[in-house]
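Enquirer: Numbering-wise (full-length UniProt numbering), the sequence shown opens with residue 1 and increments by one.
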Amino acid sequence: MADNTQEGAQTDCIRVLHFVSTLSRGSGVMSVIMNYYRHIDRNEVQFDFLHFVACEDSYIEEIRALGGRIYCIDKPGSSFQSVKQLDLFFRLHAEEYTWLHNHEVYLTFLLRPIAKRYGLEKFIVHCHATKYSDKTLHAVRNRILCLPIRFMKVDRFACSEAAGKFLYGEKMLKAGKVFIMHNAIDCEKFRFRPELRERLRKEMGLEGKFVIGHVGRFERQKNHEFLIEVFAEVKKSIPQAVLLLIGDGSLKERIKSKVVEADLKTSVIFLRQRNDVNEMLHVMDVFVLPSYYEGLPVSCIEAQANGLPCVISGTITKEVCINENVSVCNLENPPCVWSELLKHLTNQTISQRILRQDSILKNGYCLKSESAILRKKYLGGYNG
């Protein structure tokens with residue numbers, strides 16, 4: 001169990017312990033947490049992290065720089081020893097925290113009683129998805145493990161109403177017992193800049209191209225195989241179309257092979273997970289997200305903040321549709337239907353893109369205001 005306490009970290013503020021699986025930069029959950037961490041008043045609220053999956057490209061250095069502490073343990077429940085390790089952690093550290101903010105909902109049954117045993121009463125369960133798992137056996141297991149949450153004395157968070165209804169039930173959602181913590185972003189960071197678009201497209205050799213973009217992990221959830229089929233249809237009528245895929249994941253090589261098989265290798269650009277997605281959005285003409293499921297995808301919020309038209313699957317909550325420029329298409333539709341939708345978006349103008357940006361500010365997705373709301377919640381001044 002590692003303790004990487006940052007020297008000089010704030011001691012006169014409340015500390016919130018975030019329980020997550022990984023600190024990876026590829027984690028959507030961590031992206032949301034770090035967005036809030038950067039903007040919350042750290043003189044009053046400080047974040048620490050307890051995680052159980054090691055990774056190479058992580059937020060460790062940034063967390064330390066912001067004053068956070070990091071602890072790594074074995075995956076809870078993987079062995080009797082791992083449970084003892086978790087118990088020891090809270091025995092040693094529970095009194096340091098005002099809140100335990102749990103992002104691994106299926107482990108609530110284990111975390112809650114141990115934390116409570118050592119005096120850490122304030123407990124948040126935070127739902128980030130509308131599905132228990134991609135794997136059938138894991139989904140069945142997680143559903144069973146999550147059943148007690150509806151009856152526990154905890155604070156219930158969700159990234160969207162759809163996610164809240166999924167985990168806690170419609171009754172609790174309508175009763176106002178679920179706090180919706182929006183997947184907010186730094187709106188200014190994603191603001192569209194025409195001169196940047198022009199420069200980047202020139203550098204990347206994309207001048208005169210119709211660029212279809214996607215940002216996401218190469219995992220089943222994101223449905224890349226279908227996206228390749230859609231793009232193949234687009235190429236039939238728009239020869240200058242290019243598909244830009246940003247991200248890493250276990251299925252990336254498989255998708256690369258599918259691209260080669262479809263004879264699309266020269267028209268598909270694969271980029272690794274990166275820290276300048278806000279800039280990469282500028283080179284795109286449309287953003288596509290054909291996911292099987294999502295809680296509330298940050299990538300789609302970011303795309304809209306950049307003024308991009310978006311085409312998303314019908315499985316994604318409509319709460320993500322911040323402006324009128326998001327088109328919804330069911331996954332039951334064949335690739336040719338998706339292709340027709342995309343082709344209709346080839347005539348979008350720069351002026352239209354600039355005008356669409358401010359809708360994010362008006363709909364609760366700006367970090368400046370949302371981090372202030374979360375701060376009040378942590379300090380006990382918000383009745384969510």
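Just so you know, even glycine gets a beta-carbon here, dropped at the ideal spot from N, CA and C. Fair warning: this is a prediction, and the values are worked out from it, not measured in the lab.
1) Can you name the start and end residues of the beta strand (DSSP E) that F218 belongs to?
2) Do you know how far the Cα of V154 is from the Cα of Y106?
3) What would DSSP say about Q273, mapped onto helix, strand or coil?
4) Measuring CB to CB, does S339 end up less than 9 Å from E233?
5) At a cut of 8 Å, does the region 239 to 255 reach the region 308 to 324 through at least three beta carbon pairs?
6) Can the beta-carbon of E95 be found less than 9 Å from the beta-carbon of G119?
7) Quick one: what's N330 bridged to in DSSP?
8) I think G164 touches C127, with their Cβ atoms under 8 Å apart; what is that distance to the nearest whole Å?
9) Can you tell me which of the three DSSP states F25 falls into?
10) Measuring alpha carbon to alpha carbon, tell me which residue in V328, L17, F192 and I114 is nearest R356.
11) Does the beta-carbon of P290 have 16 or more other beta-carbons within 10 angstroms, so that it is buried, or is it exposed?
12) What residue does the alpha helix (DSSP H) around F192 start on, and which one ends it?
13) What separation, rounded to the nearest whole angstrom, lies between the Cα atoms of E104 and I212?
14) Measure the C-alpha to C-alpha separation of V288 and V260 and round it to an integer number of angstroms.
15) In chain order, what residues of the same chain lie with their CB nearer than 7 Å to the CB of C329, ignoring the 5 residues before and after it?
16) Based on DSSP bridge pairs, tell me the residues matched to W99.
17) Does the region 168 to 180 come close enough to the region 141 to 148 to have 3 or more Cβ pairs within less than 8 Å?
18) Considering only C-alpha positions, which residue in the set P334, S351 and T317 is nearest to A158?
19) Pull up the DSSP beta-bridge partners for F157, would you.
20) With a threshold of 16 other CB atoms inside 10 Å of the CB of N43, please say whether the residue is buried or exposed.
21) Compare the Cα-Cα distances from V298 to each of V29, V16 and L23 and report the closest residue.
22) Just the Cα atoms here: how many angstroms apart are G216 and S369?
23) I need the boundaries of the beta strand (DSSP E) containing N310, first residue and last residue.
24) Strictly by DSSP, which residues pair up with W316?
25) If we ignore side chains and look at the alpha-carbon of each, how far apart do E56 and R64 end up?
26) Which residue from M181, V125, F226 and H18 puts its Cα closest to that of L331?
27) Please classify D12 as buried or exposed, where buried requires at least 16 neighbouring CB atoms within 10 angstroms.
28) Enumerate in chain order the residues of its own chain whose CB-to-CB distance from A303 is below 7 Å, with the five nearest sequence positions on each side excluded.
29) Find the nearest neighbour of T22 within the set R38, I33, T98 and M172, judged by alpha-carbon distance.
30) I'd like to know whether the C-beta of Y37 is nearer than 9 Å to at least one C-beta of chain C.
31) Considering only the beta carbon of each residue, do L17 and D48 sit closer than 9 Å?
32) Can you name, in chain order, every residue of its own chain whose Cβ lies under 7 Å from the Cβ of A162, other than the five neighbours on each side?
33) Report the start-end ranges of each alpha helix (DSSP H) in the region 26 to 103 that is 4 residues or longer and not cut off at the edges.
34) Using the Cβ count rule (16 or more neighbours within 10 Å means buried), how would you classify I350?
35) Please classify G380: is it buried, with 16 or more other beta-carbons within 10 angstroms of its beta-carbon, or exposed?
36) What does DSSP give as the partner residue(s) for V268 in the beta ladder?
Expert: With the structure as the only source:
1) F218 -> no beta strand (DSSP E), and no H or E assigned at all.
2) Cα to Cα, the separation comes out at about 14 Å.
3) Coil at Q273, not helix or strand.
4) Yes. Within cutoff.
5) Taking 8 Å as the limit for Cβ pairs, the verdict is that the region 308 to 324 does not touch the region 239 to 255.
6) When the beta-carbon positions are compared, E95 and G119 come within less than 9 Å of each other.
7) Listed as beta-bridge partners of N330 by DSSP are no residues whatsoever.
8) With a Cβ gap of about 7 Å, G164 and C127 count as contacting.
9) It is Arg, not Phe, that sits at residue 25 in the sequence shown. Three-state result, R25: coil.
10) Selected option, being the one with the closest Cα: F192.
11) The C-beta of P290 has 16 or more other C-beta atoms within 10 Å across all chains shown, which makes the residue buried.
12) No residue range can be given for F192, since it is assigned to no alpha helix (DSSP H) and is classified by DSSP as neither H nor E.
13) A direct Cα-Cα distance of roughly 33 Å separates E104 from I212.
14) For V288 and V260, the distance between alpha carbons rounds to 21 Å.
15) Taken in chain order, the residues that qualify are V311, S313, G314, V337, W338 and L341.
16) W99 pairs with V16.
17) Result no; under three Cβ-Cβ pairs closer than 8 Å.
18) Residue T317 is the option with its Cα nearest to A158.
19) H126 and F179, per the DSSP bridge assignment.
20) Residue environment: N43 is assigned as exposed (fewer than 16 neighbouring CB atoms within 10 Å of its CB, all protein chains considered).
21) Considering only V29, V16 and L23, the residue with the shortest C-alpha distance to V298 is V29.
22) C-alpha separation (whole angstroms): 26 Å.
23) In the sequence as displayed, the identity of residue 310 is Cys instead of Asn. That run of the beta strand (DSSP E) goes C310 to S313.
24) Going by the sequence as given, residue 316 is Ile instead of Trp. In the DSSP output, where bridge partners are listed per residue, I316 has none listed.
25) Rounded to whole angstroms, E56 to R64 spans 16 Å at the Cα level.
26) Measuring from the Cα of L331, the nearest candidate turns out to be F226.
27) With fewer than 16 Cβ atoms within 10 Å of its Cβ, D12 is classed as exposed.
28) Taking A303 as the centre and dropping the five residues before and after it, the same chain places the C-beta of L281, F287 and C310 closer than 7 Å to its C-beta, in chain order.
29) Minimum Cα distance to T22 is reached at I33.
30) Judged by its chain identifiers, the structure shown contains no chain C, having just a single protein chain.
31) Against a cut-off of 9 Å, the Cβ pair of D48 and L17 comes out as a contact.
32) For A162, where only same-chain residues beyond five positions count, the Cβ hits under 7 Å are T130, T317 and E319.
33) For the region 26 to 103, the full-length alpha helix (DSSP H) segments reaching 4 residues or more read 28 to 39, 60 to 65 and 80 to 93 along the chain.
34) By the Cβ neighbour-count rule, I350 is exposed, with fewer than 16 other Cβ atoms within 10 Å of its own.
35) Counting other Cβ atoms within 10 Å of its Cβ, G380 stays below 16 and is therefore classed as exposed.
36) Answer is L243.
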